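Asks:
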Amino acid sequence: MQLVQPQLAPVNLIGPDGQPTFGLFDGSVENLNVKAFKYHNEMDKPASVMAKHFDFKQFQFVSIVTQRYILGLAIADIRYAASSFCYLYDIKSNRLVQSEWLRPFGLGCRLSASPQNGIARVGSKLHHFQFEIKEGHWHVNIMLTNIQAKLTLSAPPLSLPLSLSTPTGYNGWTYTQKHNALTVAGELTIFSEPQPLQHALASYDFSAGYMRAKTAWRWASINAMTPQGTIGLNLAAGVNETGNTENVMWVNGQRHFLGAANFMFNRHISDDFWQITTNDGQVDLTFRSLNCRKEKLNLGFIKNNFRQYIGYYSGVLTDNNGKRYQLHNQLGLAEDHFAKW
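Position one of the sequence shown corresponds to residue 36 (the working numbering), numbered consecutively onward.
In structure tokens, the structure reads:
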């Protein structure tokens, strides 16, 4: 059990001294206040205007799980380019289709640096998707060839997101906000068929900051309705590990912090079983891949080796009260990612 005492989230992440507030937070930061950040290089000299602009990275991701489909939508702005995707995974047929966008210097892409209010959007008037955050509530609008949606993602009453700010590298920082096991309301049409949403669940990821120029991480995410209740899980290794971690599970909306995560797998064997545990013993899972959304991009100064797997989780989760939750072939996501940006 992790003895963690989050602090109240500041209104502005970057304070009057030009530096970020670090730690785990209760609630959401209203504004990152990036313009106020006093950015210095590795030799303690004030960074140039160009460096302050191009070194800032941000991305937003939403996963939606219905009885028939899994949707994954992402918008990433790495300044030199904006990369986005929307994939649709058919659980019944084990088939994955996707749309992708790559825009130089973020042309045609919009992102907001506020996790509380803002719009992220990519695409054209007739072919796009959008995340709109209003007072911390996420709304997802999709207008694509085979997917149309107007959705609202909602947390249970009093449920808190994971909100975390950590030092990154020598002179950077990262703010991450995530929430799993959210209910989904609204309208979702796939291949001209309206989809029932009574049992749908979703999660979001808002991440931004002055991240390492070379970054790698492993990640696990579950949104599940089980006989013991609704369970959400977020685990990561490789980022956000300076003093705190972003490892957390939600049980019927209640947040439980977890220890450092360990991912054991062979990335050169696509159907290899993953072993995923935490140092506190509260997570003991295996993951078996069914399908994968992947991308390899090598432009020299920009590299991206991205694999997001869809598959089955089995094993045991233990909350901070000692209650155990057995999972068997529970659908979820796992990711192995390297980026040079």
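For glycine and all other residues, C-beta sits at the position ideal for the given N, C-alpha and C. Everything numeric in this text was worked out from a predicted model, so none of it was measured.
Please state whether the Cβ-Cβ distance between leucine 137 and serine 256 is less than 8 angstroms.
Replies: no
Asks: If contact is defined by three or more beta carbon pairs under 8 angstroms, each pair taking one atom from either stretch, is the segment 166 to 175 in contact with the segment 248 to 267?
Replies: no
Asks: Would DSSP call methionine 246 helix, strand or coil?
Replies: coil
Asks: Going by DSSP, what residue range makes up the alpha helix (DSSP H) through lysine 87?
Replies: 84 to 89
Asks: Can you tell me the Cβ-Cβ gap for isoleucine 110 and tryptophan 376, rounded? I've got them flagged as a contact below 8 angstroms.
Replies: Not quite, the Cβ-Cβ distance comes to about 15 angstroms (not below 8 angstroms), so this is no contact.
Asks: Measuring CB to CB, does alanine 272 end up less than 8 angstroms from asparagine 297?
Replies: Their beta carbons are under 8 angstroms apart, which means alanine 272 touches asparagine 297 by this criterion.
Asks: In the DSSP output, which residue or residues are listed as bridge partners for alanine 234?
Replies: The sequence shown places histidine at residue 234, not alanine. According to DSSP, histidine 234 bridges with nothing at all.
Asks: Assuming aspartate 306 is part of the beta strand (DSSP E), what are its boundary residues?
Replies: Here aspartate 306 belongs to no beta strand (DSSP E), and DSSP marks it neither H nor E.
Asks: Can you tell which of Ala251, Leu332, Asn282 and Leu146 has the C-alpha that lies nearest to the C-alpha of glutamine 317?
Replies: Asn282
Asks: Between the Cα of valine 100 and the Cα atoms of Ser305, Leu236 and Arg342, which residue gives the shortest distance?
Replies: Answer by Cα proximity: Leu236.
Asks: Reducing DSSP to helix, strand and coil, say where alanine 71 ends up.
Replies: helix
Asks: When you compare the CB positions of leucine 223 and alanine 184, do they come within less than 8 angstroms of one another, or not?
Replies: yes
Asks: If you run the structure through DSSP and keep just helix, strand and coil, what is phenylalanine 166?
Replies: strand
Asks: Pairing CB atoms from the segment 303 to 310 with CB atoms from the segment 283 to 293, are three or more of them under 8 angstroms?
Replies: Touching, no, given that fewer than three Cβ pairs across the two stretches are closer than 8 angstroms.
Asks: For phenylalanine 292 versus valine 64, is the C-beta spacing smaller than 8 angstroms?
Replies: The criterion of a C-beta distance shorter than 8 angstroms is not satisfied by phenylalanine 292 and valine 64.
Asks: Expressed to the nearest angstrom, what Euclidean distance is found between the alpha-carbon atoms of tyrosine 74 and asparagine 364?
Replies: Going by the C-alpha atoms only, they are around 46 angstroms apart.
Asks: What does a CB cutoff of less than 6 angstroms around cysteine 327 pick up in its chain, not counting 5 residues either side in sequence?
Replies: Arg342 and Tyr344
Asks: Buried or exposed: which applies to lysine 213, given that a residue is buried once 16 or more other Cβ atoms fall within 10 Å of its Cβ?
Replies: buried
Asks: If we ignore side chains and look at the alpha-carbon of each, how far apart do glycine 350 and leucine 59 end up?
Replies: 27 angstroms
Asks: Is it true that the CB of leucine 199 sits closer than 8 angstroms to the CB of asparagine 76?
Replies: no
Asks: Near proline 41, what residues of its chain come up, given a Cβ to Cβ distance below 6 angstroms and the 5 sequence neighbours on each side ignored?
Replies: Leu59, Phe60 and Asp61, listed in sequence order.
Asks: Between arginine 302 and the ligand MG, is the CB less than 7 angstroms from at least one heavy atom?
Replies: As for the ligand MG, it is missing from this structure, which has no ligand bound.
Asks: Terminal residues of the continuous beta strand (DSSP E) containing leucine 142?
Replies: Looking at the DSSP string, leucine 142 is not in any beta strand (DSSP E), and its letter there is neither H nor E.
Asks: Please list, in chain order, all residues of the same chain as glycine 346 whose beta carbon is under 6 angstroms from its beta carbon, the five residues on each side excluded.
Replies: Beyond the five residues adjoining it in sequence on each side, glycine 346 comes within less than 6 angstroms, by CB distance, of Phe322, Arg323, Ser324 and Leu325 in the same chain, given in chain order.
Asks: I need the boundaries of the beta strand (DSSP E) containing serine 200, first residue and last residue.
Replies: For serine 200, the uninterrupted beta strand (DSSP E) segment begins and ends at 197 to 203.
Asks: Indicate whether arginine 103 and glutamine 230 have their beta-carbon atoms separated by less than 8 angstroms.
Replies: Cβ distance < 8 angstroms, so arginine 103 and glutamine 230 count as in contact.
Asks: For asparagine 47, collect the residues of the same chain with a Cβ closer than 6 angstroms to its Cβ; drop the 5 residues on either side in sequence, then sort them by chain order.
Replies: Asn66 and Asn68
Asks: So the candidates are Phe300, Arg253 and His303; which of them puts its Cα closest to the Cα of threonine 280?
Replies: Arg253
Asks: Could you check which residue in Thr180, Tyr360 and Thr353 has the C-alpha nearest to that of lysine 160?
Replies: When each option's Cα is compared against that of lysine 160, the closest is Thr180.
Asks: According to DSSP, is valine 397 part of a helix, a strand, or is it coil?
Replies: Residue 397 lies beyond the stretch modelled for the chain, which goes from 36 to 376, so this question has no answer here.
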